[in-house]
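> Can you read through this structure? Questions will come right after.
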Amino acid sequence: MNNKTMLNYLAELSANNNREWFHEHKKENKEANAHFEQIVQELIYGIGTFDQSVLHNVPKELTFKLVRDTRFSHDKSPYNPSFRAHISSKGKLPIPVGYYLMIKPNGGTFLGGGLFADMFSNATSMVRNYITAHPDEWNAIITNAEFEKYFTVKGTVLKNVPAGYDKEHSQAEYLKHKSWYLEYFMDDDEVADEKTFLQKSVEIFKIMKPFNDYLNKALKDFKMPTR
14 MNNKTMLNYL
24 AELSANNNRE
34 WFHEHKKENK
44 EANAHFEQIV
54 QELIYGIGTF
64 DQSVLHNVPK
74 ELTFKLVRDT
84 RFSHDKSPYN
94 PSFRAHISSK
104 GKLPIPVGYY
114 LMIKPNGGTF
124 LGGGLFADMF
134 SNATSMVRNY
144 ITAHPDEWNA
154 IITNAEFEKY
164 FTVKGTVLKN
174 VPAGYDKEHS
184 QAEYLKHKSW
194 YLEYFMDDDE
204 VADEKTFLQK
214 SVEIFKIMKP
224 FNDYLNKALK
234 DFKMPTR
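All residue numbers for the sequence shown refer to our numbering, where the first residue is 14 and numbers rise by one.
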């Protein structure tokens, strides 16, 4: 299997998002999933050239299932027709932040970095406090010419600077955030060319690294909540 075949499988799953079709095409699913794990392995090696903290990871432990949790969703489609993985020093946990990949046909593929999860109030406070204390370092990262060529900082944003923070702070715009993340989208033709896709992905992830490093310094004392 190659990247184009994998994209075709996901496109067909999107058009036939039901359990009958999914189970009738278990062989294609198994092949597509195995190919995606190969991609993740290549990315681990590539990222490892500039961030050795990810090299210990096993691809299958970094990927997310296609099956959706529809209990609290209006959309009852049973599957998410995309292959996703998060590569970080501690695997696929959202913190520490790392390198996120979603392969989805019709322009939905993107490379991500930073803190996507905004449900951890402690994490949000840690990042806000760190930006407050280290505004120049933050500004240097997000205004770097190479960074600005590919990214703008996204995330869930409040209308106002939250209580307890200076409304006149030089980075007040980013203190409104509850999450801070990056996305770089790729079209299907870019994804289909496997060699080019891997090279470009590693290049983009390398440019993300200072942003991730900054957030991980802010989050170094974060503890994942236990049930």
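For every residue, glycine included, the Cβ atom is placed at its ideal position computed from N, Cα and C. These numbers come from a predicted model, not from an experiment.
1) Can you give me the start and stop residues for the beta strand (DSSP E) that Met199 sits inside?
2) What do you get for His36, buried or exposed, if any count of 16 or more other CB atoms within 10 angstroms of its CB means buried?
3) In this structure, what does DSSP give as the bridge partners for Leu114?
4) Got a sec? Which residues, its chain only, sit under 6 Å from Thr76 by beta carbon, not counting five neighbours each side?
5) Less than 8 Å between the beta carbons of Ile116 and Val204, yes or no?
6) Taking buried to mean at least 16 other C-beta atoms within 10 Å of its own C-beta, is Gly120 buried or exposed?
7) Determine the contact status of Ser192 and Gly168, defining contact as a CB-CB distance below 8 Å.
8) Does the segment 80–93 come into contact with the segment 59–72, if we say contact requires no fewer than three beta-carbon pairs (one atom in each stretch) closer than 8 Å?
9) For Thr76, which beta-bridge partners are listed by DSSP?
10) From the DSSP output, read off the bridge partner residues of Lys6.
11) Residues in its own chain within less than 7 Å of Thr209 by CB, not counting five upstream and five downstream?
12) In angstroms with no decimal places, state the Cα-to-Cα distance between Glu161 and Leu23.
13) Just the Cα atoms here: how many angstroms apart are Leu7 and Lys40?
14) Just how far apart, CA to CA, sit Leu232 and Glu55?
15) Starting from His48, trace the alpha helix (DSSP H) in both directions and tell me its first and last residue.
16) With 16 other CB atoms within 10 Å as the buried threshold, where does Ala184 fall?
17) Sorted by chain position, which residues of the same chain lie with C-beta nearer than 7 Å to Lys103's C-beta, five sequence neighbours on each side aside?
18) Just how far apart, CA to CA, sit Asp64 and Ile100?
19) Taking a contact to mean a Cβ-Cβ separation below 8 Å, would you say Ala136 touches Phe235 in this structure?
20) Give the single residue among Ala130, Ser95, His182 whose Cα lies nearest to the Cα of Asn30.
21) In angstroms with no decimal places, state the Cα-to-Cα distance between Lys43 and Ile60.
For this structure:
1) The residue labelled residue 199 in the question sits at position 186 within the sequence shown. Looking at the DSSP string, the run of the beta strand (DSSP E) that includes Met199 is 193–199.
2) Within the sequence shown, numbered from 1, the residue matching residue 36 stands at position 23. That one is exposed.
3) As a first step, residue 114 must be located in the sequence shown, where it is residue number 101. Ala98, Leu124.
4) Taking the first residue of the sequence shown as 1, we reach residue 76 at position 63. Correct list, in chain order: Ala98.
5) If you number the sequence shown from 1, residue 116 lands on position 103. If you number the sequence shown from 1, residue 204 lands on position 191. Contact flag set, yes.
6) By 1-based counting over the sequence shown, the position of residue 120 is 107. That one is exposed.
7) Locating residue 192 in the sequence shown gives position 179, where the first residue counts as 1. Locating residue 168 in the sequence shown gives position 155, where the first residue counts as 1. Their beta carbons are under 8 Å apart, which means Ser192 touches Gly168 by this criterion.
8) no
9) Working through the sequence shown from its first residue, we reach residue 76 at position 63. Ala98, per the DSSP bridge assignment.
10) The chain is shown only over 14 to 240; residue 6 falls outside these bounds and no answer can be derived.
11) Residue 209 sits at position 196 when you count from the first residue of the sequence shown. These residues qualify, in order along the chain: Glu203.
12) Position 148 of the sequence shown, counting from 1, holds the residue named residue 161. Position 10 of the sequence shown, counting from 1, holds the residue named residue 23. Taking the straight line from one Cα to the other gives about 31 Å.
13) Because the chain spans 14 through 240 in this model, residue 7 falls outside it and cannot be assessed.
14) For the purposes of this step, residue 232 is identified with residue 219 of the sequence shown, where counting begins at 1. For the purposes of this step, residue 55 is identified with residue 42 of the sequence shown, where counting begins at 1. For Leu232 and Glu55, the distance between alpha carbons rounds to 27 Å.
15) Walking along the sequence shown from the start, residue 48 turns up at place 35. 39–61 is the span of the alpha helix (DSSP H), which, as asked, contains His48.
16) Position 171 of the sequence shown holds residue 184. For the sequence presented, residue 184 should be read as Gln rather than Ala. That one is buried.
17) Within the sequence shown, residue 103 is the residue found at index 90, counting from 1. Counting only Cβ-Cβ distances below 7 Å, and skipping sequence neighbours, we find Pro109.
18) For the purposes of this step, residue 64 is identified with residue 51 of the sequence shown, where counting begins at 1. For the purposes of this step, residue 100 is identified with residue 87 of the sequence shown, where counting begins at 1. Taking the straight line from one Cα to the other gives about 11 Å.
19) Reading the sequence shown from its first residue, position 123 is the one you call residue 136. Reading the sequence shown from its first residue, position 222 is the one you call residue 235. Closer than 8 Å, so yes.
20) Counting from 1 along the sequence shown, the entry for residue 30 is found at position 17. Considering only alpha carbons, the answer is Ser95.
21) By one-based count along the sequence shown, residue 43 stands at place 30. By one-based count along the sequence shown, residue 60 stands at place 47. Spanning the two alpha carbons is a distance of roughly 26 Å.
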